[in-house]
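J.: Heads up: the sequence shown begins at 101 in our numbering, then just goes up one per residue. Ideal placement from N, C-alpha and C gives every residue a C-beta, glycine not left out.
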Amino acid sequence: MAATEPDRAKAMARRLRARMDADGIPITHSHALELVAAALGHRDWNTAAAALSAETRAASTDSENRETDATPSVSHPVTVPILRTFPGEEAERFYVGYLGFQLDWEHRFDDGMPLYRQVSREGCVLHLSEHHGDATPGSAVRIRVADVHALQRRLEADPLYPLRIGVTVQEWGADLVVPDPFGNRLVFHTP
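This is the structure:
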């Protein structure tokens, strides 16, 4: 099922659930998503959603490259890092409220279950997962931005997190290392 987007997989899960209900075997939508993920060869729905999104973006980028003979751009990432977060509102407060990422979507199997979400900014896409098996706290991600110095000034002026973070200039560019509340490091980079 190459280049299948998550919406088509979700539609498959809805059809499966309706058929199972019609056969007298009621299942939750979350269970149907897990069954579709397994049928597509993925470990679980979160892994399937990430892989299917990446396949769709890669196929879109490949199509654009054939049409324009361009190289893949940061607006169509083919790699999406997964960062471990913890339950609660802190991830949204930090990534959306403080760093300026946009919340693209989120998924939770049932009430009280861990949350899995996607955030993005300036062509960078990250998956944030409360699931303990998806990623390890203490990871690092390098994110290319247009002006790391402007980002540093904005973050220092924001009272939401009183971080004293500086820009390190090397021969290959300028880096701004921002620790998140979960032990991960985001290295914003301007060449």
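Could you pull out every residue in the same chain whose Cβ sits closer than 6 angstroms to the Cβ of Gln252, ignoring the five residues on either side in sequence?
T.: Here the question's residue 252 lines up with position 152 in the sequence shown. Cβ neighbours of Gln252 beyond the five flanking positions: Val267 and Leu276.
J.: Helix, strand or coil: which one does DSSP assign to Ser239?
T.: Numbered from its first residue, the sequence shown carries residue 239 at position 139. Coil at Ser239, not helix or strand.
J.: Where do the ends of the alpha helix (DSSP H) carrying Pro181 lie?
T.: As a first step, residue 181 must be located in the sequence shown, where it is residue number 81. Run containing Pro181: none; DSSP gives neither H nor E here.
J.: Hey, Thr290 and Val245: beta-carbon distance below 7 angstroms or not?
T.: Taking the first residue of the sequence shown as 1, we reach residue 290 at position 190. Taking the first residue of the sequence shown as 1, we reach residue 245 at position 145. For Thr290 and Val245, yes; Cβs fall inside 7 angstroms.
J.: Between the region 248-262 and the region 222-236, do at least 3 Cβ pairs fall closer than 8 angstroms?
T.: no
J.: By the DSSP assignment, the alpha helix (DSSP H) with Ala246 in it spans what residues?
T.: Within the sequence shown, the letter at position 146 stands for residue 246. Per DSSP, Ala246 belongs to no alpha helix (DSSP H) and is neither H nor E.
J.: Can you say whether Trp145 is buried or exposed, counting buried as having 16 or more other CB atoms within 10 angstroms of its CB?
T.: Locating residue 145 in the sequence shown gives position 45, where the first residue counts as 1. Looking at its Cβ environment, which holds 16 or more other Cβ atoms inside 10 Å, Trp145 is buried.
J.: Find out if the Cβ-Cβ distance for the pair Gly200, Gly238 is shorter than 7 angstroms.
T.: Taking the first residue of the sequence shown as position 1, residue 200 is located at position 100. Taking the first residue of the sequence shown as position 1, residue 238 is located at position 138. Their beta carbons are not under 7 angstroms apart, which means Gly200 does not touch Gly238 by this criterion.
J.: Would you identify the three-state DSSP class for Ala109, choosing helix, strand or coil?
T.: One-based indexing of the sequence shown puts residue 109 at position 9. Helix.
J.: Can you give the Cα-Cα distance for His227 and Lys110, rounded to whole angstroms?
T.: Position 127 of the sequence shown, counting from 1, holds the residue named residue 227. Position 10 of the sequence shown, counting from 1, holds the residue named residue 110. Cα-Cα distance, rounded: 18 angstroms.
J.: Let me confirm a value: Ala138 is counted as buried when at least 16 other C-beta atoms fall within 10 Å, else exposed. Which label applies?
T.: The sequence position of residue 138 within the sequence shown is 38, counting from 1. Classification of Ala138: exposed, given that the 10 Å Cβ count is below 16.
J.: Can you list, in chain order, the residues of its chain with a C-beta nearer than 8 angstroms to that of His129? Leave out the 5 residues immediately preceding and following it.
T.: The sequence position of residue 129 within the sequence shown is 29, counting from 1. Contacts found: Ala113, Arg114 and Arg117.
J.: Skipping 5 residues on each side, what residues in its chain have a beta carbon closer than 6 angstroms to that of Ala170?
T.: Indexing the sequence shown from 1 puts residue 170 at position 70. Residue placement at Ala170 cannot be trusted, given a pLDDT of 44 that sits under 50; what the coordinates show is reported in the next sentence. So no residue of the chain qualifies.
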